[in-house]
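Take the position in the sequence shown, starting the count at 1, then add 4; the result is the number in the working numbering.
Backbone N, C-alpha and C define an ideal beta-carbon position, used for all residues, glycine too.
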Amino acid sequence: SIRWHADAQGAEFAVQDTGIGIDSRHIPRLTERFYRVDRGRSRDAGGTGLGLAIVKHSLSRHQAQLDIKSTPGIGSRFAARFPANRVAGL
Numbered sequence: 005s006i007r008w009h010a011d012a013q014g015a016e017f018a019v020q021d022t023g024i025g026i027d028s029r030h031i032p033r034l035t036e037r038f039y040r041v042d043r044g045r046s047r048d049a050g051g052t053g054l055g056l057a058i059v060k061h062s063l064s065r066h067q068a069q070l071d072i073k074s075t076p077g078i079g080s081r082f083a084a085r086f087p088a089n090r091v092a093g094l
């Protein structure tokens, strides 16, 4: 699911899935360049390991933060949180 919510404190854009989830020990490193949860996954299998590093950098340029929550077997939630001064109309 995709959600956009804005209030006086700012706004949040969130994407949530019901996939396999990510073990909590990997969460702190997900935004590192070239980090892969599955070491067996190579560039040939898809991806470069740069996606979330680019997202985190782009968000920081807008004074926003990336929040990642995940539970194995249940799914993951990725949320971009923007401060009110960076959201038009608030």
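Does residue i come out as helix, strand or coil in the three-state DSSP assignment?
i	result
P76	coil
I26	coil
By DSSP's criteria, residue i is part of a beta bridge. Which residues make up the other side?
i	result
E16	H9 and R85
D71	A83
At what residues does the alpha helix (DSSP H) containing residue i begin and finish?
i	result
I58	G55 to R65
Checking 7 Å against the spacing of the C-beta atoms, do residue i and residue j come in under that value?
i	j	result
Q13	A88	yes
G25	P76	yes
H72	I31	Looking at the sequence shown, residue 72 is not His but Ile. Against a cut-off of 7 Å, the Cβ pair of I31 and I72 comes out as a contact.
R40	G53	yes
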